[in-house]
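Visitor: Pasting a structure here, questions to come.
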Amino acid sequence: MVSMMRALSERDGRGIGWRLVIAAFLGIVLAGAAPSIAWADETLGGSTEERASSIKGGAAEARAMPQAATPMTDALVVNVFRDYGQAYEVLALVNAERRAAGEAPLAMDQELLEAAMVRSVELSYYFDHTRPDGTDCWTAFPDTKGIVGENIAMMQSGPYQVMNSWMNSPGHRANILDSDFTTIGIGCVYVGNAGPYWVQCFGDGSAAAFAMPADRSFTTRCSIPTSWLQSGNFQFRQNYYSLLSGDSVQAEARFINQAPGAQSFVCELNPATFSWSTDKSAVATVGKTGVIAGRAPGITNVRAAIGDRVRISIPVEVQGDVGTWKKSGGRWWFSFDDGTYAHGWCQIDGDWYLFDSAGWMQTGWQKVGKSWYHLKPSGIMTTGWLKSGGSWYFMRGSGAMATGWVNDQGTWYYLNGSGAMTKGWQKIGKSWYYLKSSGAMATGWQKVGGSWYYLKGSGAMATGWQKIDGRWYHMQSSGAMDKARWIDGKYYVDGSGAMATDQWIGTYHVNGNGLWDKTR
1 MVSMMRALSE RDGRGIGWRL VIAAFLGIVL AGAAPSIAWA DETLGGSTEE RASSIKGGAA
61 EARAMPQAAT PMTDALVVNV FRDYGQAYEV LALVNAERRA AGEAPLAMDQ ELLEAAMVRS
121 VELSYYFDHT RPDGTDCWTA FPDTKGIVGE NIAMMQSGPY QVMNSWMNSP GHRANILDSD
181 FTTIGIGCVY VGNAGPYWVQ CFGDGSAAAF AMPADRSFTT RCSIPTSWLQ SGNFQFRQNY
241 YSLLSGDSVQ AEARFINQAP GAQSFVCELN PATFSWSTDK SAVATVGKTG VIAGRAPGIT
301 NVRAAIGDRV RISIPVEVQG DVGTWKKSGG RWWFSFDDGT YAHGWCQIDG DWYLFDSAGW
361 MQTGWQKVGK SWYHLKPSGI MTTGWLKSGG SWYFMRGSGA MATGWVNDQG TWYYLNGSGA
421 MTKGWQKIGK SWYYLKSSGA MATGWQKVGG SWYYLKGSGA MATGWQKIDG RWYHMQSSGA
481 MDKARWIDGK YYVDGSGAMA TDQWIGTYHV NGNGLWDKTR
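Counting from 1, one number per residue, gives the positions in the sequence shown under the UniProt record's numbering.
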């Protein structure tokens, strides 16, 4: 999902008061110049860590018309993952499009980058160019950036997908190829398990060089208008919970996206957003982190509240022993106390089993609907890693076999179309990746077959010139690092692969920029 809006800038001679809106959740573009009217510092909520990375109005304070203050509260607690690797992949795609159009490349600006990351989180609960506090999106940008623009998107799974959507939308494409822009900041975040949410912030200033930040995860508070604290704006992920005595389950609640036309989307919340309680603690208890624990058979309601403004509840059924396992002719089936038998999926004593239409317990690989599942010899549904037939497979929490990219405890793995974990070099989409012998996706420097390769934060293999830890290296089209040779007859990389600067190479001299100095 992307959305688009573009406002003419003051440079056009018409000011920022005129806007053309093309809203279709299809990429967004918003651009505006800065009339000389003061504006208030932004008041983005969040933890101390997150506030420090948000951009505030400076001494110039000359951007947009003053906007009415909206009462705000730091109500939402979210888990955030900032993916700088994918953000820089988008930068490469942007500059490839600009080169093809005859435009100068954009430089990543550190302040715009951080502003884009902050804006990306805001999209998870308010997908719009207006910020949750009612101010325009450019209040998140540094006030030194002059002409500014913004593209936003969600429901685009990767850099190629989001760039394809933006480039096929006239307004977004115009921002990406705008000759007035010289700098950019790109946001890519996951909120909870949802995302990524994407933002491009454009500027027309200059950008000092800086190292690409490392991907990071953190928990933060997000500020929303106090008026949004209504029970109808919050919901549980499912309609009820059913568990056995002695078992537990994590309650999951979400906030409904408040942007016009985006109410079918939700922001995943950390349970610390709420205070928790239960009607009947003898049936089930609930902890401060929203974990429901079954104590005795019965039905109760678990409630999540924010002060006295928000109160949502969900029914919880705690089951006791409900039947008996029976064996006939070497095969197992389950008889309920009411005389019926289990068929289809059934949870017994906290474990999931699959029974065919005749009631027989299944084992081994089973295809249900469009997904594959694996049942152990005991009949219990397999989750997590499974070795079968010499290959490793990953079974999701639902039991369904995973394919494609899977993140397990912070490490990425790639499962092919048959579900088998891959190793070694793999071409996925348009990029090459290297999967270690453990199956874990490699990043950073890797020595493979006697050659050194550099894998970006996203895992994609780098080619061409790359600045790594302050030094320049050249990677061949195969990805292998060049060393001890001249590149394009202009630059020299030494035995470590690093570009030589301000030194003699035999009878040749390279200057401080690494170029062969023909004057010596």
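Glycine included, every Cβ here is placed at the ideal spot set by N, Cα and C.
Just checking, does the segment 260-270 make contact with the segment 311-324 on the three C-beta pairs under 8 angstroms criterion?
Guide: For the pair of segments examined, the segment 260-270 was found not to touch the segment 311-324: the number of CB pairs separated by less than 8 angstroms stays below three.
Visitor: With distances taken Cα to Cα, identify the nearest neighbour of P260 among A440, L243, A100 and Y126.
Guide: When each option's Cα is compared against that of P260, the closest is Y126.
Visitor: Kindly indicate which residue of F336, S281, S275 and Q503 has the alpha-carbon position closest to the one of G307.
Guide: S275
Visitor: How many angstroms separate the CA atom of V78 from the CA atom of L269?
Guide: Going from the Cα of V78 to the Cα of L269 covers about 5 angstroms.
Visitor: Measure the C-alpha to C-alpha separation of A62 and C137 and round it to an integer number of angstroms.
Guide: Any reading at A62 needs caution, since the residue's pLDDT is 31, under 50, leaving its predicted position unreliable; the model's value is listed next. One C-alpha to the other measures close to 15 angstroms.
Visitor: Is it true that the CB of M395 sits closer than 8 angstroms to the CB of residue 521?
Guide: Given that the chain is displayed from residue 1 to residue 520, the structure contains no residue 521 and the question cannot be resolved.
Visitor: Evaluate the contact criterion for the segment 280-293 versus the segment 242-252: three or more CB pairs, one atom per stretch, below 8 angstroms.
Guide: Three or more beta-carbon pairs separated by less than 8 angstroms link the segment 280-293 to the segment 242-252, which places the two stretches in contact.
Visitor: Could you please give me the residues that DSSP links to residue 538 through a beta bridge?
Guide: Nothing about residue 538 can be reported from this structure: the residues present for the chain run from 1 to 520 only.
Visitor: Can you tell me which of Y508, Q446 and T403 puts its alpha carbon nearest to the alpha carbon of G424?
Guide: Q446
Visitor: Are the Cβ atoms of S120 and Y197 separated by less than 8 angstroms?
Guide: yes
Visitor: Cutting at 7 angstroms between CB atoms, please list the residues of its own chain near A431, excluding the five before and the five after it.
Guide: Here residue 431 turns out to be Ser, not Ala, going by the sequence shown. Within the same chain, S431 has close Cβ partners A460 and M461.
Visitor: For my contact list, E150 and C201 are in at a C-beta cut-off of 8 angstroms; report their separation, rounded to the angstrom.
Guide: 6 angstroms
Visitor: Quick one, which of A104, A96, S206 and M117 has its alpha-carbon nearest residue 523's?
Guide: One cannot answer for residue 523 here, as it falls past the ends of the chain, which runs 1 to 520.
Visitor: Among W465, Y190 and A69, which residue has its Cα nearest to the Cα of A87?
Guide: Nearest option by C-alpha distance: Y190.
Visitor: Taking Cβ positions, are E355 and W333 nearer each other than 8 angstroms?
Guide: Reading off the sequence, residue 355 comes out as Phe, not Glu. Going by C-beta atoms, F355 is nearer than 8 angstroms to W333.
Visitor: Hey, R311 and S231: beta-carbon distance below 8 angstroms or not?
Guide: yes
Visitor: What did DSSP end up calling L375 once you bin it into helix, strand or coil?
Guide: strand
Visitor: Take I468 and list the residues in its own chain whose beta-carbon comes closer than 7 angstroms to its own, dropping the five residues that flank it on each side.
Guide: Y454
Visitor: Exposed or buried, what is S378 when buried is set at 16 or more other beta-carbons lying within 10 Å of its beta-carbon?
Guide: exposed
Visitor: Classify I380 as helix, strand or coil using the three-state DSSP reduction.
Guide: Secondary structure of I380 (DSSP, three-state): coil.
Visitor: Taking all protein chains shown into account, decide if T135 is buried (16 or more other Cβ within 10 angstroms of its Cβ) or exposed.
Guide: buried
Visitor: Measuring CA to CA, which of G158, A305 and D109 is closest to F141?
Guide: D109
Visitor: Can the beta-carbon of I152 be found closer than 8 angstroms to that of V90?
Guide: no
Visitor: Less than 8 angstroms between the beta carbons of A107 and T182, yes or no?
Guide: A107 places its beta carbon less than 8 angstroms from that of T182.
Visitor: When you compare only the Cα positions, how much space is there between G495 and T501?
Guide: 14 angstroms
Visitor: Buried or exposed: V368, going by 16 or more other Cβ atoms within 10 Å of its Cβ?
Guide: exposed
Visitor: Along the alpha helix (DSSP H) that carries S477, what are the first and last residues, could you check?
Guide: That residue, S477, is in no alpha helix (DSSP H); it is neither H nor E in DSSP.
Visitor: Please go through the UniProt domain "SCP" (91-202) and give each complete alpha helix (DSSP H) segment of 4 or more residues, from N-terminal end onward.
Guide: Here the runs fully enclosed are 110-123, 159-167 and 170-177.
Visitor: Starting from G497, follow its DSSP beta bridges and name the residues at the other end.
Guide: Note: G497 is not bridge-paired with any residue in the DSSP secondary-structure output.
Visitor: Taking the beta strand (DSSP E) that M72 falls in, what are its first and last residues?
Guide: M72 to R82
Visitor: Classify residue 522 as helix, strand or coil using the three-state DSSP reduction.
Guide: As displayed, the chain neither begins before 1 nor continues past 520, which places residue 522 out of reach and without an answer.
Visitor: Quick check: the Cα distance between G470 and A498, rounded to an integer number of angstroms?
Guide: 10 angstroms
Visitor: What is the DSSP secondary structure of T220, counted as helix, strand or coil?
Guide: In this structure, T220 counts as strand in the three-state DSSP scheme.
Visitor: In the DSSP assignment, find the beta strand (DSSP E) that holds residue 524 and state where it starts and stops.
Guide: For the chain, the structure presents residues 1 to 520; residue 524 sits outside this window and is missing.
Visitor: Flag this pair as yes or no: are the beta carbons of F236 and A253 separated by less than 8 angstroms?
Guide: yes
Visitor: Alpha carbon to alpha carbon, what distance is there between G489 and D517?
Guide: 11 angstroms
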